[in-house]
Amino acid sequence: MSIFIPEKHWWRDPLDKDEKVWLAIALTTSIVLTLAMPYWHVTQKQNPGSEYYKIKPDTFDAATDRFIQQYGVKDEAGAIKQEGGIDVVAPPPGDVFVRGQQFKWSPVLKLKKGSEYRIHLSSIDVLHGFSVQPINMNFEAVPGYDYVLKVTPTTSGVFNIVCNEFCGIGHHTMVGRIYVD
Ligand SMILES: [Cu+2]
Numbered sequence: 021m022s023i024f025i026p027e028k029h030w031w032r033d034p035l036d037k038d039e040k041v042w043l044a045i046a047l048t049t050s051i052v053l054t055l056a057m058p059y060w061h062v063t064q065k066q067n068p069g070s071e072y073y074k075i076k077p078d079t080f081d082a083a084t085d086r087f088i089q090q091y092g093v094k095d096e097a098g099a100i101k102q103e104g105g106i107d108v109v110a111p112p113p114g115d116v117f118v119r120g121q122q123f124k125w126s127p128v129l130k131l132k133k134g135s136e137y138r139i140h141l142s143s144i145d146v147l148h149g150f151s152v153q154p155i156n157m158n159f160e161a162v163p164g165y166d167y168v169l170k171v172t173p174t175t176s177g178v179f180n181i182v183c184n185e186f187c188g189i190g191h192h193t194m195v196g197r198i199y200v201d
């Protein structure tokens with residue numbers, strides 16, 4: 021068995037052609053990708069905004085409860101309708117709350133196509149991943165921060181919210197829903 025031992029001052033040797041080519045490729049790629057980030061942010065529409073607030077988890081929890089009470093869809097008896105044990109809410113355009121917690125997203129939202137909503141997204145316990153399927157929109161729900169997403173639905177249908185940040189034993193059951201009419 022032979023062992024390759026580099027010469028003592030191999031790093032002082034001039035670069036090979038192959039090394040130069042790969043360094044150029046790597047450098048070009050990293051410059052292009054770095055410039056693509058601000059370019060994409062400024063010129064494209066589907067970008068996260070930069071509006072967020074610090075909020076205590078308790079305060080966000082209470083705000084979501086008030087939102088559910090105010091705009092919850094009522095049945096004949098006057099109780100808020102539920103779907104899979106989660107309150108269903110049909111809010112007017114404007115401020116909307118989505119609360120992540122172990123292990124659910126609440127409430128279920130009924131939105132109107134073409135209306136503009138400001139989705140306040142946060143978690144009241146640990147970090148959760150807010151992933152809207154099948155359109156693959158991804159955000160993080162961070163405890164202590166109210167993150168505002170300006171959303172105008174352009175397609176009607178049923179969208180599932182999957183948690184894509186491992187948050188504990190019931191993580192895989194954490195599925196929410198948004199309906200767009
Ligand atoms: Cu989760």
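In the numbering used here, the protein residues as written are 21 to 201.
Glycine residues also receive a C-beta, built at the ideal position from the N, C-alpha and C atoms.
Which listed residue (the options) has its alpha carbon closest to that of residue i
i	options	result
Phe80	Leu53, Leu35, Ile25 and Gly164	Gly164
Leu131	Val118, Asn184 and Ala83	Val118
Lys170	Val152, His140, Tyr199 and Leu35	His140
Val109	Lys124, Gln121, Ala99 and Val93	Val93
Tyr73	Lys28, Tyr167, Thr174 and Pro173	Tyr167
Lys76	Ser142, Phe24 and Ile23	Ser142
Helix, strand or coil at residue i [DSSP, three-state]
i	result
Asp166	strand
Ile189	coil
Leu131	strand
Ile23	coil
Leu43	helix
Leu35	coil
Residue range of the unbroken beta strand (DSSP E) whose run includes residue i
i	result
Arg138	Tyr137 to Ser143
Asn180	Gly177 to Cys183
Ser151	His148 to Gln153
Cβ of residue i within 7 Å of any chain D Cβ
i	result
Asp81	Absent from the structure is chain D; it holds one protein chain and no more.
Residues sharing a beta bridge with residue i, DSSP
i	result
Met157	Val152
Arg197	Asn180
Val171	Tyr137
**Asked** Taking the runs of the alpha helix (DSSP H) that are 4 residues or longer, which of them lie wholly in the stretch 55-125?
**Response** 77-91
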